[in-house]
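Residues in the sequence shown are numbered consecutively from 254, following this note's numbering. C-beta atoms are modelled at their ideal positions from N, C-alpha and C, and glycine is treated no differently. Okay, so here's the structure we're looking at.
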Amino acid sequence: MKTTVDIPDQELADAIRFTNAKTKREAIVGAIVYFNRRMRMAELTRFGGTCSNLVTPEEIRAARRRS
């Protein structure tokens, strides 16, 4: 999708440098992918500790010994 955006020169230069991108597009897409991944992980942390039915590491080891 084509979009026109006004990105401050220094911010774009930093994004290119930090991502080792070869093009502006590569830097911007990389930054968006990274941001989205971080936001998904942040959403998942809301569920931390809410599942009481999870298998413990010891139960996994015991099941492996039985098989």
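With fewer than 16 other Cβ atoms from the protein chains shown falling within 10 Å of its own Cβ, ALA295 counts as exposed. Counting along the chain, MET292 sits inside the alpha helix (DSSP H) bounded by residues 277-298. Between ILE281 and ALA268, the C-beta gap is smaller than 8 Å, which places the two residues in contact.
When secondary structure is reduced to three states using DSSP, LEU307 falls in the coil class, being assigned neither helix nor strand.
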